[in-house]
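Numbering that gives the first Met the number 0 puts the sequence shown at residues 0 to 165. C-beta: ideal position from N, C-alpha, C; glycine also. All of these numbers come straight from a predicted model, not from anything done at the bench. What follows is a short report on a single structure.
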Amino acid sequence: MRSGIGYDIHRLTPGRRLILGGVDIPFEKGLIGHSDADVLIHAICDALLGAAGLGDIGIHFPDTDPAYRGISSMVLLERTVLLLEDRHFSVINVDVTVLAQAPKLSPFRHVMQENIAGALHVDADCINIKATTTEGLGAIGNSEGIAVLCVAMINQKETNSVEKLP
Ligand code: MG
């Protein structure tokens, strides 16, 4: 078993959609980014890549590549899972903390969980999403941005099981 950590932060601005965990959330601002700026999914990608020893999201999906402009980060997550599966890794669980002063995320948590579980090929109860404010402190507290922390645990399957057969 191996573990990985992920962290990401994106700036909020008026006139952009707010996409978190693959869910389009009604809010007066959205996150700035080359892709759909789904900071929650980016943190999960980084935690998974970290656990697998595969670097980070910027190496695999550079924000200088026009191919990724406006792309759904759920696609990046699915591609991250393929990279892991190529190396015989499967996901055990993912734990996420979203740092956001607003909006309230609890109404969307279940759908996010289902979206992520589907992409990672695990049961929904293997995905945990928590949210907290920063009590109005700092840039997050001023709603200048949203940050996400993630820890992922993965497992590498036996690759020599065929040789063990009689
Ligand atoms: Mg990002």
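Segment contact flag, the segment 26-33 with the segment 45-58, C-beta cutoff 8 Å, min 3 pairs: no
Give the single residue among N154, V93, N127 and G117 whose Cα lies nearest to the Cα of R108. As a working mapping, residue 108 is identified with position 109 in the sequence shown. Of the listed residues, the one whose Cα sits closest to R108 is N127.
C44 - containing alpha helix (DSSP H), residue span: Numbered from its first residue, the sequence shown carries residue 44 at position 45. V38 to A51 is the span of the alpha helix (DSSP H), which, as asked, contains C44.
Where the beta strand (DSSP E) containing N141 begins and where it ends: Against the sequence shown, residue 141 aligns to sequence position 142. Careful: N141 lies outside any beta strand (DSSP E) and carries neither H nor E.
If we ignore side chains and look at the alpha-carbon of each, how far apart do T158 and L81 end up? Reading the sequence shown from its first residue, position 159 is the one you call residue 158. Reading the sequence shown from its first residue, position 82 is the one you call residue 81. The straight-line gap from Cα to Cα measures roughly 16 Å.
Assign G32 to one of three DSSP states: helix, strand, or coil. By one-based count along the sequence shown, residue 32 stands at place 33. Three-state result, G32: coil.
Could you check which residue in P106, H87 and A101 has the C-alpha nearest to that of N154? Along the sequence shown, one-based indexing puts residue 154 at 155. Comparing Cα-Cα distances from N154 to each of P106, H87 and A101, the minimum goes to H87.
Since L98 contacts I40 with CB under 8 Å, what's their CB separation in whole angstroms? Position 99 of the sequence shown, counting from 1, holds the residue named residue 98. Position 41 of the sequence shown, counting from 1, holds the residue named residue 40. With 8 Å as the limit, L98 and I40 do not qualify as a contact, their Cβ atoms being about 15 Å apart.
State yes or no: is the C-beta of H33 within less than 8 Å of the C-beta of Y6? By one-based count along the sequence shown, residue 33 stands at place 34. By one-based count along the sequence shown, residue 6 stands at place 7. No, they are not a contact pair.
Report buried or exposed for G137, applying the criterion of at least 16 other Cβ atoms within 10 angstroms of its Cβ. In the sequence shown, residue 137 corresponds to position 138, counting from 1. G137 should be labelled exposed.
Under the three-state reduction of DSSP, which class applies to Q100: helix, strand or coil? Indexing the sequence shown from 1 puts residue 100 at position 101. Coil, per DSSP.
G69 CB to nearest heavy atom of the ligand MG below 7 Å: By 1-based counting over the sequence shown, the position of residue 69 is 70. No, the beta carbon of G69 sits no closer than 7 Å to any heavy atom of the ligand MG.
Would the C-beta of D122 count as close to the ligand MG, meaning under 7 Å from any of its heavy atoms? Counting from one through the sequence shown, the residue named residue 122 turns up at place 123. D122 Cβ: outside cutoff for every heavy atom of the ligand MG.
To which residues of the same chain is S2 closer than 6 Å at the C-beta, ignoring the five residues directly before and after it? Here residue 2 refers to the residue found at position 3 of the sequence shown. Hits under 6 Å: A50 and M152.
When you measure from the CB of H9 to every non-hydrogen atom of the ligand MG, does any distance come out below 7 Å? Counting from 1 along the sequence shown, the entry for residue 9 is found at position 10. True, at least one ligand heavy atom lies under 7 Å from that Cβ.
Beta-carbon proximity of V38 to I8, cut-off 8 Å: Within the sequence shown, residue 38 is the residue found at index 39, counting from 1. Within the sequence shown, residue 8 is the residue found at index 9, counting from 1. Taking 8 Å as the Cβ cut-off, V38 and I8 qualify as a contacting pair.
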